[in-house]
Amino acid sequence: MKANRVVRVILGLLCLAIFLGYAFLLGAVSPKSEDFTGGDWATYLRENYGLNPDGTPVNPTPEPVAEAAPAVVEPAPAEAPVDAAPAQTAATPEPTVDPSSPYGQALANAAARGLPTPPDIDISQWQYVLVNGEHPLNPIDYAPANLVYLNMTGDDTEIRTGYDGNRQVVDAMIAQPLIDMTQACKAAGLPIYLSSSYRSYSDQAANFQRVCQNNGISDGKNSEGNYITMPAGHSEHQTALCCDITDYYHEIKNDAIAQIETVQWLGAHCADYGFVLRFPQDKRDITHVMGESWHFRYVGVEAARYMTDNNLCLEEFVALYGVL
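Using this note's numbering, the first residue of the sequence shown is number 203, and each one after it goes up by one.
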């Protein structure tokens, strides 16, 4: 126990000696009031130690400023070359029309007359056949191969193929268009009557003789030199492509028929069904037929509209194609 106390005393004295030594050294190095110039602590630190009161150097060595690398100027992107206008695909040239062909002649003749472009048709087809005083049928006793029989008043739309003397007979190729026109006229509230259609060669010969006798003539022409009846072989009725149409209140066909509503409706709408008024009053010097406001001829919708829109009779229309 005694030894331990001695050890503790010795250690205590040793610690005291260390403390006193530290205090002496601290006092020796610590600044005294007489060391201050004017008692300025900041001046003392700056002059003796080169420090600021916060311990940072008064004149720190400036860090070298790295020179900025010269700016690299990126070259402006080259402008994309302006594409040349895209080459246009050459249009497929229109086929050249042979000027000596029927359609080539029609184009030239229509242009010469100041008419619009005519329809591109085969003028040799059946619906364009020209029959008049100067152009007889070939053969002259021609008879259609397919005749059908239609109701005269349009009360039914049946197309009969067997003979029926109570019906009007036409070429089968125009039967449906004629029925369609008849029904449209009736739908407009107008009475309609298919007065006369196909006549055979012998029928036309008999009709020609009867009309001539009744009018005191021999050539079928009136005093103006226009036909009032056609010789057999020269009548459109023999083609079965036409029909005289009135209403059932006007059996006698004369100039007064032009004033009835049914005939006026037909004149205004027949082209929509492929028909034309074949012998207009104002075309007598060309057709050489007296005006017949009741005689409607089938030529097909395309030709009918062109003829009607441009006030052409059949003679003028086919002449465009070099037929005359």
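Where is the CB? At the ideal position from N, CA and C, for every residue including glycine.
Work out the CA separation of residue j and residue i for me, nearest whole Å.
i: D373; j: R315; result: 34 Å
i: D300; j: G306; result: 6 Å
i: A390; j: T298; result: 46 Å
i: G364; j: T319; result: 42 Å
i: I419; j: R412; result: 10 Å
i: W467; j: C387; result: 7 Å
i: L309; j: V501; result: 19 Å
i: G476; j: E453; result: 25 Å
i: L392; j: I342; result: 37 Å
i: Y351; j: D366; result: 7 Å
i: L380; j: L522; result: 27 Å
i: D237; j: L218; result: Annotation note: pLDDT 48 at D237 (below 50); position unreliable, no value reported.
i: H337; j: M432; result: 11 Å
i: T303; j: T448; result: As written in the sequence, residue 303 is Ser, which differs from the Thr given in the question. Cα to Cα, the separation comes out at about 39 Å.
i: P382; j: L349; result: Checking the sequence, you will find Asp at residue 382 rather than Pro. Spanning the two alpha carbons is a distance of roughly 18 Å.
i: P233; j: L216; result: Note that P233 scores 49 on pLDDT, short of 50, meaning its location in the model is unreliable and no value can be drawn from it.
i: V331; j: D511; result: 20 Å
i: P482; j: L317; result: 19 Å
i: Q378; j: N353; result: 12 Å
i: T355; j: V465; result: 14 Å
i: I376; j: I488; result: 26 Å
i: C414; j: G335; result: 15 Å
i: F519; j: A347; result: 26 Å
i: I325; j: N340; result: 16 Å
i: Y395; j: P321; result: 32 Å
i: G422; j: K485; result: 18 Å
i: A506; j: Q327; result: 14 Å
i: V478; j: N424; result: 24 Å
i: I430; j: Y403; result: 17 Å
i: L526; j: N311; result: 12 Å
Would DSSP call residue i helix, strand or coil?
i: H490; result: coil
i: E360; result: coil
i: L339; result: coil
i: R207; result: helix
i: L215; result: helix
i: V503; result: helix
i: L516; result: helix
i: H452; result: coil
i: E478; result: Here the sequence assigns Val to residue 478, which means Glu is not the residue at that position. V478 falls in the strand class under three-state DSSP.
Go ahead and label residue i buried or exposed: buried means 16 or more other beta carbons lie within 10 angstroms of its beta carbon, across all protein chains shown.
i: N456; result: exposed
i: W496; result: buried
i: S569; result: Because the chain is modelled from 203 through 526, residue 569 falls outside the range shown and cannot be assessed.
i: A313; result: exposed
i: L213; result: exposed
i: R210; result: exposed
i: Y450; result: exposed
i: I220; result: exposed
i: Q440; result: buried
i: G427; result: exposed
i: R480; result: buried
i: R499; result: buried
i: A434; result: buried
i: L516; result: buried
i: Q329; result: buried
i: A345; result: exposed
i: L514; result: buried
Compute the minimum distance between the beta carbon of residue i and the heavy atoms of the ligand NAP, and state whether it is under 7 Å.
i: W328; result: Because no ligand of any kind appears in the structure shown, any question about the ligand NAP cannot be addressed here.
Query raised in the report: On the three-pair Cβ rule with 8 Å, is the region 444-451 touching the region 392-407?
Result: yes
Query raised in the report: Are the region 354-371 and the region 465-485 in contact at 8 Å, needing three or more beta carbon pairs?
Result: no
Query raised in the report: In chain order, which alpha helix (DSSP H) runs of at least 4 residues are fully inside the region 372-448?
Result: 374-389, 403-417
Query raised in the report: Would you say the region 403-419 touches the region 477-497, given that touching needs at least three Cβ pairs under 8 Å?
Result: no
Query - Unbroken stretches of the alpha helix (DSSP H), 4 residues or longer, contained in the region 296-353 - result: 304-314
Query raised in the report: Is the region 340-359 touching the region 459-468 in the sense that three or more CB pairs, one from each, lie closer than 8 Å?
Result: no
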